[in-house]
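J.:
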Ligand code: DGJ
């Protein structure tokens, strides 16, 4: 039993293989958080850490009479609520029918059941069968009747606990929720750092680590998408936590819309993390008896540093979040025509790319933006999901047959959530855009956003996209989103419900994605939003891979992919070899280096292969072969960050190790060459210390050198390290295959 309730002391204990989470029904029925950390022994009760004390300016429940020792303002709360004197970040602010803003939630009952919980209409971590147990704790405000059920699912073998809240209007009238977060995690002691992930277009998920300070550290998005700018993932860790040691706690929101993640340090040096839908521009109307379900948060603890925290997230998301045939099937090595042609292509050009690509072992051609409507550039056509026969002369089916006859699959690009003013769809349905009455609306990339909260909009998209996908043997879809939301307003909702539109928008996106992925189970869906602008756990439920960034420069990708790896599996990271000089940075890097970097993700190419020299094509052939050979290691192996590209400006190194420790793959990119260089000695991780391993540089080396070949013990590779032979030149790189002998 991973979930235990001890009625004698009203204690809930949630055990995973290596962690324990504990809470109890405390004084006056408040649900008090006690502990989240390394696994405790059976029967351990941390109520002893509960410390009631009179604190001035912290109020006491009315029933306490003259006893001033208990205040929810200073106790660790399981779900913080506004209005009853917890002045720290609250999860819940209701406006009750009588106008009061108060939720005084007390324990009512609980249930424990097998299996995982599933928040209504929202992406979530699921049970593969017998892996999970769920606890539901019902709290209610005895005066208003508002009830909240806290839902926890424990994935014992994955060391993960997910949680969300269901808020039920049990009052005598209408309630409006001004804030309804998913989770709160309180720490009564300890000094920590907080890690957040910020960025911008072409520079996503940069790692920022700061000591927790009094007040709040906030990471959030009000862009209608999880965004390039902040990511819905936050880590709290010891000041001295490293990749391999120290305590750390992750909170990852399985959601793709506006979010907030806060870390608050209070008057008593207590830390509170909260996470959920951003309360700004949020106001949800709940009629009597209705429920609101928050998105799910996946919590993971590691006592062995940040590396293990990430690996636990990788395993959880790979196995219990990603779905569909391509959850386990090898993803095809693809070539995408975007950077090869941009909008300037026709069917003959695509077939020419496919001809060369197929000869080199590439398996899928992705036809990117520009195949539909009258789209010759980014000013027109979005919404008109009909083949442009001026470009695809014989239509889609004919193109598909030509590509298939070369032994390759064909994939296609959509940007379903958008509309161009110059489109038939806009001319027919200007009211389908998100924008307020009388407002012209802000353009971004020349486009407007469709109101995905509307059933008729979703119906149109489902019908038109389905028609395209049924018209030919299409086996892949790239689902793009190239602007953020402004002018939030839905013509389909009354004024008092406009605060629901951001959330209804993303529920609508999920609904459409669910319908399409179910209707086309053989199609591989890849998420995208101007690169990695919606790289979040919500999207991974529908798309097992996401284009990581529009920045395809191998050196820039080192830090983008490094940051992404903290919370998301490598199997989800869309990554391609592109041409040099790189289109975004103008930098030239060796083909081998580009291959090594792109291979640490879902491998592919994004260049005009027809323009490649014979020598470059040979390298591509070899890379494709290598990628197929080491595929499982990359997609299912344990990932180790061996250096921090934000701190180490000489090289970046990372490693994959098979779960059974039989093989590993070491990757090293020299970012900057120095005269009189200091040799790189890299200590490997995750090997069997007792085993002996053969270390061999493979063909993916910018500078192939034999010096570091040999057979060494796992212990010596991990404790003493591997000397990387000198590599001449900026951006040289090496990849080593390491096999147990
Ligand atoms: C943004 C994507 O990230 C690119 O890869 C490409 O698909 C363009 N959109 C097309 O408009």
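In our numbering, the protein residues as written are 1 to 741. A virtual CB, placed ideally from N, CA and C, is assigned to each residue, including glycine.
(1) Go ahead and label residue 287 buried or exposed: buried means 16 or more other beta carbons lie within 10 angstroms of its beta carbon, across all protein chains shown.
(2) Can you give me the Cβ contacts of residue 103 inside the same chain, cut-off strictly under 7 Å, excluding the 5 residues immediately before and after it?
(3) Going by beta-carbon coordinates alone, are residue 596 and residue 664 separated by less than 8 Å?
(4) Look at the Cβ atom of residue 347, then the Cβ atom of residue 410, and state whether they are nearer than 8 Å.
(5) Note down the Cα distance separating residue 339 from residue 619, rounded to an integer number of angstroms.
(6) I'd like to know whether the C-beta atoms of residue 258 and residue 224 end up nearer to each other than 8 Å.
(7) When every heavy atom of ligand 1 is checked, does at least one fall within less than 7 Å of the C-beta of residue 202?
(8) Can you check which of these residues, 74, 377, 636, is closest to residue 314 by C-alpha distance?
(9) Name the two residues that bound the continuous beta strand (DSSP E) containing residue 457.
(10) Within the stretch 612 to 658, note down every full alpha helix (DSSP H) run reaching 4 residues or more, in order along the chain.
(11) For residue 592, which residues does DSSP report across the bridge?
(12) Just reading off the alpha helix (DSSP H) that residue 347 is part of, what are its end residues?
(13) What residue range does the alpha helix (DSSP H) around residue 503 cover?
(14) Name the DSSP bridge partner or partners of residue 607?
(15) Would residue 711 and residue 683 qualify as a contact pair, given that the criterion is a beta-carbon distance under 8 Å?
(16) Rounded to whole angstroms, what's the CA-CA distance from residue 384 to residue 545? Just pull it up for me.
(17) Give the single residue among 97, 166, 100, 37 whose Cα lies nearest to the Cα of residue 237.
(18) What's the C-alpha gap between residue 467 and residue 345?
(19) Any chance the CB of residue 582 is under 7 Å from a heavy atom of ligand 1?
(20) Thinking C-alpha only, which one of 488, 469, 435 is nearest residue 518?
(21) At 3 residues or longer, what runs of the beta strand (DSSP E) sit wholly inside the stretch 201 to 283?
(22) Assuming contact is defined by CB atoms lying nearer than 8 Å, are residue 747 and residue 688 in contact in what I supplied?
(23) Would you list the residues whose beta-carbon is nearer than 6 Å to any heavy atom of ligand 1, in the order they occur in the chain?
(24) If I measure Cβ to Cβ from residue 193 and keep anything under 6 Å in the same chain, skipping five residues before and after, which residues do I get?
(25) Assign residue 113 to one of three DSSP states: helix, strand, or coil.
(26) Any idea which residues DSSP pairs residue 544 with across the strands?
(27) At 3 residues or longer, and completely inside the stretch 139 to 199: list those beta strand (DSSP E) runs for me, N to C.
(28) Apply the 10 Å Cβ neighbour rule to residue 17 and answer buried if 16 or more other Cβ atoms are within range, or exposed otherwise.
(29) Since residue 293 contacts residue 123 with CB under 8 Å, what's their CB separation in whole angstroms?
(30) Alpha carbon to alpha carbon, how far is residue 327 from residue 642? Give it in angstroms, no decimals.
(31) Residue 557 to residue 415, Cα distance in whole Å?
(32) Between the stretch 481 to 495 and the stretch 527 to 543, do three or more beta carbon pairs fall short of 8 Å?
(33) Hey, how far is the Cα of residue 585 from the Cα of residue 550?
(34) Tell whether a beta-carbon distance below 8 Å holds between residue 651 and residue 670.
(35) If you scan the stretch 289 to 319 from start to end, which runs of the beta strand (DSSP E) of 3 or more residues do you find wholly inside it?
(36) Starting from the N-terminal side, write out each stretch of the alpha helix (DSSP H) that is 4 residues or longer and does not extend beyond the stretch 361 to 409.
T.: For this structure:
(1) Within the chain shown, numbered from 1, the residue matching residue 287 stands at position 287. So residue 287 ends up on the exposed side.
(2) On the chain shown, residue 103 is found 103 positions in, with the first residue counted as 1. Closer than 7 Å at Cβ, skipping near neighbours: 81, 82, 83, 92, 94, 141, 146.
(3) In the chain shown, the residue the question calls residue 596 occupies position 596. In the chain shown, the residue the question calls residue 664 occupies position 664. For the pair residue 596 and residue 664, the CB atoms are not nearer than the 8 Å cut-off.
(4) Translated into positions along the chain shown, residue 347 becomes position 347. Translated into positions along the chain shown, residue 410 becomes position 410. Taking the C-beta atoms as reference points, residue 410 is found no nearer than 8 Å to residue 347.
(5) Within the chain shown, residue 339 is the residue found at index 339, counting from 1. Within the chain shown, residue 619 is the residue found at index 619, counting from 1. Spanning the two alpha carbons is a distance of roughly 19 Å.
(6) Position 258 of the chain shown, counted from the first residue, corresponds to residue 258. Position 224 of the chain shown, counted from the first residue, corresponds to residue 224. A contact, by the Cβ cut-off of 8 Å.
(7) The residue you call residue 202 lines up with position 202 of the chain shown. Checking every heavy atom of ligand 1 against the Cβ of residue 202, none is found closer than 7 Å.
(8) Here residue 314 is taken as the residue at index 314 of the chain shown, counted from 1. Ranking 74, 377, 636 by Cα distance to residue 314 puts 636 first.
(9) What you label residue 457 is simply residue 457 of the chain shown in a count that begins at 1. Note, residue 457: premise wrong, no beta strand (DSSP E); alpha helix (DSSP H) at 455 to 470.
(10) Qualifying alpha helix (DSSP H) stretches, in chain order: 614 to 636.
(11) In the chain shown, counting from the first residue as 1, residue 592 sits at position 592. Paired residues: none, contrary to the question.
(12) If you number the chain shown from 1, residue 347 lands on position 347. 347 to 359 is the span of the alpha helix (DSSP H), which, as asked, contains residue 347.
(13) To locate residue 503, count along the chain shown from 1; it is residue 503. If you look at residue 503, you'll find it in the alpha helix (DSSP H) that goes 501 to 519.
(14) For the purposes of this step, residue 607 is taken as residue 607 along the chain shown, with counting starting at 1. None; residue 607 has no bridge partner.
(15) The residue labelled residue 711 in the question sits at position 711 within the chain shown. The residue labelled residue 683 in the question sits at position 683 within the chain shown. Here residue 711 is not near residue 683, since their CB atoms are 8 Å or more apart.
(16) In the chain shown, residue 384 corresponds to position 384, counting from 1. In the chain shown, residue 545 corresponds to position 545, counting from 1. Looking at the two C-alpha atoms, the distance is approximately 26 Å.
(17) In the chain shown, residue 237 corresponds to position 237, counting from 1. Per the Cα distances, 37.
(18) Numbered from 1 along the chain shown, position 467 holds the residue referred to as residue 467. Numbered from 1 along the chain shown, position 345 holds the residue referred to as residue 345. Those two C-alpha atoms are separated by around 23 Å.
(19) Within the chain shown, the letter at position 582 stands for residue 582. The answer is no for residue 582.
(20) Your numbering for residue 518 matches position 518 in the chain shown. Residue 469 holds the alpha-carbon nearest to the alpha-carbon of residue 518 among 488, 469, 435.
(21) Runs of the beta strand (DSSP E) inside the stretch 201 to 283: 203 to 211, 215 to 221, 233 to 238, 248 to 254, 259 to 265, 271 to 277.
(22) Nothing can be reported for residue 747: it is not among the residues displayed for the chain, which extend from 1 to 741.
(23) Any residue whose Cβ sits closer than 6 Å to a heavy atom of ligand 1 makes the list: 338, 368, 369, 413, 480, 482, 528, 530, 531, 547, 550.
(24) Position 193 of the chain shown, counted from the first residue, corresponds to residue 193. 209, 211, 237, 239.
(25) On the chain shown, residue 113 is found 113 positions in, with the first residue counted as 1. Of the three classes helix, strand and coil, the one that applies to residue 113 here is strand, per DSSP.
(26) Taking the chain shown and counting its residues from 1, the one referred to as residue 544 is at position 544. Partner(s): none; residue 544 has no beta bridge.
(27) Complete beta strand (DSSP E) runs here, min 3: 147 to 155, 160 to 168, 175 to 187.
(28) As a working mapping, residue 17 is identified with position 17 in the chain shown. By the neighbour-count rule (16 or more Cβ atoms within 10 Å), residue 17 is not buried but exposed.
(29) Sequence index remark: in the chain shown, residue 293 carries index 293 (1-based). Sequence index remark: in the chain shown, residue 123 carries index 123 (1-based). The pair is not a contact, with the Cβ atoms about 12 Å apart (cut-off 8 Å).
(30) Residue numbering aside, residue 642 sits at position 642 when the chain shown is read from its first letter. Residue numbering aside, residue 327 sits at position 327 when the chain shown is read from its first letter. About 27 Å.
(31) Taking the first residue of the chain shown as position 1, residue 557 is located at position 557. Taking the first residue of the chain shown as position 1, residue 415 is located at position 415. Going by the C-alpha atoms only, they are around 24 Å apart.
(32) Contact holds between the stretch 481 to 495 and the stretch 527 to 543, because three or more Cβ pairs, one in each stretch, are under 8 Å apart.
(33) Position 585 of the chain shown, counted from the start, is the residue given in the question as residue 585. Position 550 of the chain shown, counted from the start, is the residue given in the question as residue 550. One C-alpha to the other measures close to 11 Å.
(34) On the chain shown, residue 651 is found 651 positions in, with the first residue counted as 1. On the chain shown, residue 670 is found 670 positions in, with the first residue counted as 1. In contact: residue 651 and residue 670 (Cβ atoms closer than 8 Å).
(35) As for any beta strand (DSSP E) of minimum length 3 sitting wholly inside the stretch 289 to 319, the runs are 291 to 293, 296 to 302, ordered along the chain.
(36) Fully enclosed alpha helix (DSSP H) runs of 4 or longer: 395 to 405.
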